[in-house]
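Peer 1: The opening residue of the sequence shown carries number 56 in the working numbering; numbering runs sequentially from there. Using N, Cα and C, we set each Cβ at its ideal position, and we do this for glycine too. Bear in mind that the values here come from a model prediction, so they are computed numbers and not experimental data. Have a look at this one.
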Amino acid sequence: MKNIYGLLLFSIFTVNVSFSQWQWQNPLPQGNILFGSYFLNSNTGYACGDGGTIIKTTDGGLNWNILLSQTKESVRSLHFINSLTGFACGLNKLFLKTTDAGQSWQPVSVNASANLFAVKFLNNTTGFVCGDNGELFRTADGGTVWTLIQTNTSRTLTSLAVSDSVVLTAGLYGALARSSNYGETFQTVNTGNTNYFFDVSFKNSLTGFIAGAYGTILKTTNKGLSWGASSTGTGRWFYSISFGDENTGFAASDYGNVYRTTNGGSNWTGYVTATSEYQYSLKAFDVNNVISFGNKGTIIKTSNAGINWTDYSYGFRNSLFAVDFINENYGWTCGAQGTVALTINGGSNWTRIQAGAADDFLYQIDFINSSTGYCVGEYGKIYKSTNGDTTGIHYLLLTLQDIMPCNSLMKTRAGSAVILQDC
């Protein structure tokens with residue numbers, strides 16, 4: 056029997072491929088959650104997420120390459136100060152720097168006590184990184200030395216925004232701190248809102264926005280001194296906000312929803328996208344072209360102001376529990392929501408087959424030959440295929456108790472006998 060841990064190439068767990076020769080096969084370009092993104096221009100951009108994931112595009116998000124971050128930690132934020140030099144931060148004090156456009160990353164020394172959630176630079180020399188316990192660090196030499204700055208809050212800080220001499224940092228439970236002297240000192244700002252804040256950004260030197268939980272979008276028109284609530288008409292959580300011009304902006308939300316404003320943020324309208332996955336980071340290049348990143352590696356784009364969206368990550372995203380190959384080319388995998396997938400070229404491409412009901416969890420799969428195979432799982436269901444491919448007929452043999460993947464299904468190569476062993 057095949058051990059389920061041989062499925063590292065699938066998105067069963069959060070996977071880091073930086074230290075090995077494994078290659079992502081499904082979904083593509085990869086399947087870890089994407090939390091952050093940064094674009095140098097409309098073509099060249101980066102995204103980051105769980106499992107040390109950092110990916111890069113040079114064609115506006117149509118294709119992506121996985122970069123070697125040399126970490127397994129969750130990467131939460133990216134910022135580049137030029138085409139070669141960039142920084143990335145994440146959980147467990149992770150702080151990295153690249154000087155070769157992301158091809159390699161080296162650790163940066165910063166005396167953080169826990170997680171780091173956002174990194175942002177004001178210019179090539181002055182930058183900031185923030186995280187748990189109200190910690191915010193500042194550099195004035197391009198990222199060599201980082202000094203702890205008092206923010207007067209102990210709340211987790213999740214985001215940063217910079218404009219001229221003004222620096223804002225926002226976080227959980229309504230935390231917001233503001234600097235008017237390039238981040239040398241900060242004062243707390245009371246917005247009257249105590250929800251989680253996930254993103255803060257400026258659309259120009261005066262006007263900025265905060266995106267947060269329970270339908271929160273706040274707006275300032277005086278560089279962050281005071282804030283008022285925008286009308287979102289929803290209780291959805293907003294994780295990222297970006298403007299294409301002075302009037303048109305977009306906000307990434309839960310369950311694949313993206314909201315749009317056309318009146319400078321006063322009112323927002325929701326749009327259904329090409330996915331139902333949570334969206335955590337969004338970039339508007341102009342009023343029409345927007346890209347968004349989210350759960351299970353989803354990458355979606357619109358070219359008509361959010362009316363229609365295309366998913367540029369592809370494959371299936373159901374959890375997978377087992378794999379079986381009868382030779383170097385033919386193989387199957389099975390998992391949640393009745394998912395079975397077939398490859399006939401050694402795993403380079405996979406075709407999904409709906410073997411069981413949509414609520415079935417299939418824990419083990421075994422094929423005698425290219426046609427005949429068995430699949431077992433939740434509620435003791437046993438399925439059989441007699442054609443092995445997308446046209447195969449899968450039917451229920453019998454139902455016992457739950458059959459888990461511990462020698463529950465065996466086969467004899469000489470015939471079609473099935474031996475069941477209770478766990």
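Could you tell me which residues DSSP puts in a beta bridge with D155?
Peer 2: Paired residue(s): none; D155 is not in a bridge.
Peer 1: According to DSSP, is L223 helix, strand or coil?
Peer 2: L223: strand per DSSP, three-state reduction.
Peer 1: CB-CB under 6 Å to S214, same chain, minus the five flanking residues each way: which ones, in chain order?
Peer 2: Cβ within range, chain order: A173, A225, D254, V255.
Peer 1: Around the C-beta of E128, are 16 or more other C-beta atoms found within 10 angstroms, so that it is buried, or is it exposed?
Peer 2: It is buried - the Cβ of E128 has at least 16 other Cβ atoms within 10 Å.
Peer 1: Determine the DSSP secondary structure at G482, reduced to helix, strand or coil.
Peer 2: Past the boundaries of the shown model lies residue 482; the chain is included only from 56 to 478, so the question cannot be answered.
Peer 1: Report yes if the C-beta distance between T211 and T243 is below 9 Å; otherwise report no.
Peer 2: No, the pair does not count as a contact, with Cβ atoms beyond the cut-off.
Peer 1: If you check the beta carbons only, do T153 and A143 fall under 9 Å apart?
Peer 2: Cβ atoms of T153 and A143: closer than 9 Å.
Peer 1: Within the continuous beta strand (DSSP E) that includes K278, where are the two ends?
Peer 2: Careful: K278 lies outside any beta strand (DSSP E) and carries neither H nor E.
Peer 1: Less than 6 Å between C-beta atoms, sequence neighbours within five positions excluded: which residues of the same chain meet that for T445?
Peer 2: Residue placement at T445 is flagged as unreliable, the pLDDT there being 47, under the threshold of 50; the coordinate-derived value follows with that caveat. Cβ within range, chain order: T406, I408.
Peer 1: If Y418 sits next to L117, beta carbons under 8 Å apart, how far is it from one beta carbon to the other, in whole angstroms?
Peer 2: Not quite, the Cβ-Cβ distance comes to about 36 Å (not below 8 Å), so this is no contact.
Peer 1: Let me check one thing: in DSSP terms, what residues is F293 bridge-paired to?
Peer 2: In DSSP, F293 forms a bridge with S308.
Peer 1: Please report how far the alpha carbon of N245 lies from the alpha carbon of G279, in whole angstroms.
Peer 2: Rounded to whole angstroms, N245 to G279 spans 10 Å at the Cα level.
Peer 1: Contact between the stretch 313-323 and the stretch 294-304 is defined here as three or more beta-carbon pairs at a separation below 8 Å; is this criterion met?
Peer 2: Verdict: yes, contact present.
Peer 1: Cβ atoms of W160 and L123: under 9 Å apart, would you say?
Peer 2: Contact: yes.
Peer 1: Taking A19 as part of the beta strand (DSSP E), name the residues at either end of that continuous run.
Peer 2: Since the displayed the chain opens at 56 and closes at 478, residue 19 lies outside it and no answer follows.
Peer 1: For I484 and G115, I'd like the C-alpha separation in whole angstroms.
Peer 2: Nothing can be reported for residue 484: it is not among the residues displayed for the chain, which extend from 56 to 478.
Peer 1: Is G238 helix, strand or coil by DSSP?
Peer 2: G238: coil per DSSP, three-state reduction.
Peer 1: Using the Cα positions of G157 and S138, report the straight-line distance between them to the nearest angstrom.
Peer 2: C-alpha separation (whole angstroms): 10 Å.
Peer 1: Does the beta-carbon of L203 have 16 or more other beta-carbons within 10 angstroms, so that it is buried, or is it exposed?
Peer 2: Exposed, because fewer than 16 other Cβ atoms sit within 10 Å of the Cβ of L203.
Peer 1: In three-state DSSP terms, what is Y438?
Peer 2: The answer is strand: DSSP assigns Y438 an E or B state.
Peer 1: Considering only residues of the same chain and omitting the five flanking positions on each side of Y60, which have a CB-CB separation below 6 Å?
Peer 2: Here Y60 scores only 32 on pLDDT, less than 50, and its place in the model should not be relied on; the value that follows carries that caveat. Closer than 6 Å at the Cβ level, and outside the excluded window around Y60, lies no residue.
Peer 1: Closest to R131 by CA distance: which of G186, I381, W77, G325 is it?
Peer 2: The shortest Cα separation from R131 among G186, I381, W77, G325 belongs to G186.
Peer 1: Whether or not the stretch 372-390 and the stretch 334-349 are in contact is what I'm after, with contact meaning three or more pairs of Cβ atoms, one per stretch, closer than 8 Å; do they touch?
Peer 2: Cβ pair count under 8 Å is below three, so no.
Peer 1: Just the C-alpha distance for T240 and F416, rounded to the nearest angstrom, thanks.
Peer 2: Their backbone Cα atoms lie some 54 Å apart in a straight line.
Peer 1: What are the boundary residues of the beta strand (DSSP E) that includes L490?
Peer 2: Nothing can be reported for residue 490: it is not among the residues displayed for the chain, which extend from 56 to 478.
Peer 1: State the Cα-Cα distance for the pair S374 and A391, rounded to the nearest angstrom.
Peer 2: Roughly 5 Å between the two C-alpha positions.
Peer 1: Using only alpha-carbon positions, find the residue among G106, I362, T140, L133 that is nearest to T126.
Peer 2: Closest option to T126, Cα to Cα, is G106.
Peer 1: Report yes if the CB atom of S263 is closer than 9 Å to the CB atom of A216, and no otherwise.
Peer 2: One point to set straight first is that residue 263 is Gly, not Ser, in the sequence displayed. Going by C-beta atoms, G263 is nearer than 9 Å to A216.
Peer 1: Look up Y335 in the DSSP assignment and say whether it is helix, strand or coil.
Peer 2: Strand.
Peer 1: How about L191 and A232: are their beta carbons less than 9 Å apart?
Peer 2: Taking 9 Å as the Cβ cut-off, L191 and A232 qualify as a contacting pair.
Peer 1: Just how far apart, CA to CA, sit S308 and T289?
Peer 2: Roughly 11 Å separates the two Cα atoms.
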